[in-house]
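Numbering (full-length UniProt numbering), first residue to last: 1 to 180. Step one of this worksheet: look at the structure below.
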């Protein structure tokens, strides 16, 4: 699906940068795990803190930083068995309800994860394992991902409500309209 609003290239660049960071985290995770396995089986000395760093940093970054780009490009999973049979007015209402729900849920997640991140920061949260690992900085990835996804959802909601994105949403979601 094409970018919903090509007149905002700065937004796309920001979201692609976040996704690139997530990709780098995936590569680092792979290298870290490979090094851990190599050290464990060759030298009988695994890399300390691998589990904590992989689960506390790499995985969180890889999952939550690309979320806003997925919403911006409207690449979430869609099941439209009923939607394609609805009249146009119902389709618009349905899209607006879904987008309003998306904004509310992502916004609530962003708020709660921000509070959690601030608590973790306040107590200098660490993961206890073979090595103590400071994990509070990774807690801020969630409110960034959820917050940007919520803002993007609001952008789409306003676009459908005002009309500048309405046809692109209906065309993208209507299989009969796209000729597929």
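Idealized CB from N, CA, C, for every residue including glycine.
So, with DSSP's three-state summary, where would you put residue 144?
Of the three classes helix, strand and coil, the one that applies to residue 144 here is helix, per DSSP.
Any idea which residues DSSP pairs residue 127 with across the strands?
Paired residues: 133.
At the 8 Å Cβ level, is residue 59 part of the contact set with chain D, yes or no?
Looking for chain D here will not work: only one protein chain is present.
Let me confirm a value: residue 41 is counted as buried when at least 16 other C-beta atoms fall within 10 Å, else exposed. Which label applies?
Counting other Cβ atoms within 10 Å of its Cβ, residue 41 stays below 16 and is therefore classed as exposed.
Do residue 70 and residue 76 come within 8 Å of each other at the CB atom, strictly closer than that value?
Yes, the pair counts as a contact, with Cβ atoms nearer than the cut-off.
Which word fits residue 20, buried or exposed, when buried means at least 16 other C-beta atoms lie within 10 angstroms of its C-beta?
Residue 20 is exposed by the Cβ-count criterion.
Are at least three pairs of beta-carbons, each pair with one atom in the segment 23-43 and one in the segment 111-118, less than 8 Å apart?
The answer is no - the segment 111-118 does not touch the segment 23-43, with fewer than three Cβ pairs under 8 Å.
Keeping to the same chain, check which residues put their C-beta closer than 8 Å to that of residue 89; ignore five residues upstream and five downstream.
Taking residue 89 as the centre and dropping the five residues before and after it, the same chain places no C-beta closer than 8 Å to its C-beta.
Own chain partners of residue 58 with C-beta closer than 8 Å, once the 5 adjacent residues on each side are dropped:
If you ignore the 5 residues before and after residue 58, its C-beta comes within less than 8 Å of the C-beta of 25, 26, 28, 29, 32, all in its own chain and listed in chain order.
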